[in-house]
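*Asks:* Residue numbers (my numbering): 6 to 485. Glycine is no exception: its CB is placed at the ideal position from the N, C-alpha and C atoms. Here the structure is a predicted model, which is why all the values come from computation and not from measurement. A single structure is presented below for examination.
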Amino acid sequence: MKTATVPTSTKSSPHTAIMAEVGGIIGIVGTQVMEGIPESQEKFITLLRELEDLVSQRRKEINYNYDHRDYRKRLCQSDEVFEKTLQEKVLSIPEIQELYYEIISLFQESDREVAGKKIQKEYLTDLVFESMENIEWGEFKNLIIQNQKSKDKKQNLERYKQKIQAMQSRGARHLILRGNELGKHLGKDGVIELIKYLKGSEIQVFVLSGYDLGQIFGKDGMVESAQALKGSRVRALDLNGNKLGQILGKDGIVEYTRALKGSEVRILSLSGNELGEFLEKDGMIELAEVLGPSKIQALELGGNELGKYLGANGIIGFVKALKGSEIRVLDLSGNELGRYLGTERIIELIETLHENGVRNVNLRNNRLGGYLGKDGMIAFAHALKGSEIRVLDLSGNELGKNLEADGMIAFAEALRGSKIQGLDLSWNKLCKYLEADEIVEFVKVLNGIGIQKLNLELNQIQEETQQELLEAFPEIHFDF
């Protein structure tokens, strides 16, 4: 049976994005929406349009108190928490509930579940995330295990297991093995068995950073370790600083990432793994392409010298290749993007991120202020208009020095029309280049455009100025 098509009369609608989605939503269930009856198709489009408008309005009313770190924490939550928030805080809203079920009713009964999941994903996911309660890492006990150094590898493995089991009863959710010489004290097979042991545990964050993991496993062992995660509850996997690019090369990294398909991993951190040098443009694009079938929604690539080794075309090509993946959070911090992209290509990067559905962008420590200057940063801010990016990290970008007071205020004004609600401007030496009253004026503009979460840490803001900001702008959640 052929798929219903969107009437051409809708092409001029301001909801062009919805129009493009209709075919996909109908197509995923194979037929539907009372195929062949134009009136039904038009009704479907009208209802989707109303749903998007209603959700957008509701999102504006949310007390938005989270930044990129909070978004990361929410991704670590179980499907049960997501479903509970969906039912209790989103579909419990009468207007949304009524529209949602009216749309679903247009599908044949056998297809309603699939259509409902598609519509939830495309139209309700952001609202669900923003409706979740903030989670403090302190609520999740960390299990930090030091090296077990017996010469008997089996004995070491048993000690690791015992410690995990003991901490489980006390609510541990983070397993941190940072810098442990697991290869030396457990061997490859022991590490694989330890990963398999996580099945049935409540561990959600697994940190294996800071040692030569690739050297221990090699390509085949890394793939096996990824497969071993299947069946566990691990949502965040931290592999920072393991020289994976050098040791595994393009094929090994790509195969490892592909092997994560079927696991529950939502956050993959590959920061500090020399990926730019050893994967280069083609390898990074291939890495992006294999993310499509996975559940990974946050990709952390900080400190991989991507600007130097990929250049502007390679960076843009990599981000374009993310289309079709579930990536909503992208960390490109510490990659010298200011130097190697410049203003025009940074703007192209922002536009591409928007097209791919990225909501949370980390551009920390990219020297944007130094290389883009005042005019470039203002143009960058203008490029965010119409974007779906909600959380932006611009910490450590030399903004105070290179924009000064008039530039910072103009930058804030240029953000008007964007959907940015969480902004990190920490470590920009603002108080070295802006007077206290200029800081207040700058924040006043940000308050006027709807910023609700503002990180101003490590800017040497005096206590009396902090108090003035807190009293003047109670709508903003500050970090000083």
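1. Out of Leu358, Asn340 and Ala388, which has the shortest C-alpha to C-alpha gap to Gly329?
2. Less than 6 angstroms between C-beta atoms, sequence neighbours within five positions excluded: which residues of the same chain meet that for Gly277?
3. Nearest to Ile301 by CA position, among Val259, Leu273 and Ile108, is which residue?
4. In angstroms with no decimal places, state the Cα-to-Cα distance between His190 and Gln457.
5. Just how far apart, CA to CA, sit Arg344 and Glu186?
6. Start and end of the alpha helix (DSSP H) containing Ser230?
7. Measuring alpha carbon to alpha carbon, tell me which residue in Tyr128, Leu408, Glu282 and Asp194 is nearest Gly374.
8. So Val259 is in the alpha helix (DSSP H); what residue range does that whole segment cover?
9. With H, G and I counted as helix, E and B as strand and the rest as coil, what does DSSP make of Glu305?
10. Specify, as a first and last residue, the run of the alpha helix (DSSP H) that Arg178 falls within.
11. State the DSSP-derived secondary structure class of Trp432, mapped to helix, strand or coil.
12. Which residue from Gly322, Phe485, Tyr376 and Gly188 puts its Cα closest to that of Gly223?
13. For Leu104 and Glu114, what's the separation of their Cα atoms in angstroms?
14. Considering Cα atoms alone, identify which of Leu420, Lys424 and Leu399 is closest to Glu462.
15. For the segment 109-128 and the segment 158-165, state whether three or more C-beta atom pairs, one from each stretch, are separated by less than 8 angstroms.
16. Ile169 to Ile200, Cα distance in whole Å?
17. Assuming the contact rule is C-beta atoms closer than 8 angstroms, Ile208 and Ser230 should be a hit. Round their C-beta distance to whole Å, please.
18. CA-CA distance, Glu349 and Ile221?
19. How is Trp142 classed by DSSP in three states: helix, strand or coil?
20. So, helix, strand or coil for Asp287, using DSSP?
*Replies:* Concretely, from the data shown:
1. Against the sequence shown, residue 329 aligns to sequence position 324. Ranking the options by Cα distance to Gly329, first place goes to Leu358.
2. Position 272 of the sequence shown, counting from 1, holds the residue named residue 277. So the list reads Asn245, Gly246 and Gly308, once near-sequence residues are dropped.
3. Position 296 of the sequence shown, counted from the start, is the residue given in the question as residue 301. Comparing Cα positions, the closest option is Leu273.
4. As a first step, residue 190 must be located in the sequence shown, where it is residue number 185. As a first step, residue 457 must be located in the sequence shown, where it is residue number 452. Computed Cα separation, rounded: 48 angstroms.
5. On the sequence shown, position 339 is the one that residue 344 refers to. On the sequence shown, position 181 is the one that residue 186 refers to. Each residue's alpha carbon lies about 37 angstroms from the other.
6. In the sequence shown, the residue the question calls residue 230 occupies position 225. Ser230 -> alpha helix (DSSP H) spans Leu218 to Ala233.
7. The residue given as residue 374 occupies position 369 in the sequence shown. Residue Leu408 is the option with its Cα nearest to Gly374.
8. The residue you call residue 259 lines up with position 254 of the sequence shown. Residues Leu249 to Ala264.
9. Taking the sequence shown and counting its residues from 1, one reaches residue 305 at position 300. Strand.
10. Stepping through the sequence shown from its first residue, residue 178 is reached at position 173. That residue, Arg178, is in no alpha helix (DSSP H); its beta strand (DSSP E) goes Ala177 to Ile181.
11. Here residue 432 refers to the residue found at position 427 when the sequence shown is read from its first residue. It is coil, neither helix nor strand.
12. Taking the first residue of the sequence shown as 1, we reach residue 223 at position 218. With distances taken between Cα atoms, Gly223 lies closest to Gly188.
13. On the sequence shown, position 99 is the one that residue 104 refers to. On the sequence shown, position 109 is the one that residue 114 refers to. Cα-Cα distance, rounded: 17 angstroms.
14. Walking along the sequence shown from the start, residue 462 turns up at place 457. The candidate whose alpha carbon is nearest that of Glu462 is Leu399.
15. The answer is no - the segment 158-165 does not touch the segment 109-128, with fewer than three Cβ pairs under 8 angstroms.
16. The residue you call residue 169 lines up with position 164 of the sequence shown. The residue you call residue 200 lines up with position 195 of the sequence shown. Ile169 and Ile200: Cα-Cα distance of roughly 11 angstroms.
17. Counting from 1 along the sequence shown, the entry for residue 208 is found at position 203. Counting from 1 along the sequence shown, the entry for residue 230 is found at position 225. Wrong, their Cβ atoms sit about 15 angstroms apart, outside the cutoff.
18. Taking the first residue of the sequence shown as position 1, residue 349 is located at position 344. Taking the first residue of the sequence shown as position 1, residue 221 is located at position 216. Their backbone Cα atoms lie some 42 angstroms apart in a straight line.
19. Position 137 of the sequence shown, counted from the start, is the residue given in the question as residue 142. Reliability of the predicted coordinates at Trp142 is poor, the pLDDT of 49 falling under 50, and no value is obtained from them.
20. Here the question's residue 287 lines up with position 282 in the sequence shown. In this structure, Asp287 counts as helix in the three-state DSSP scheme.
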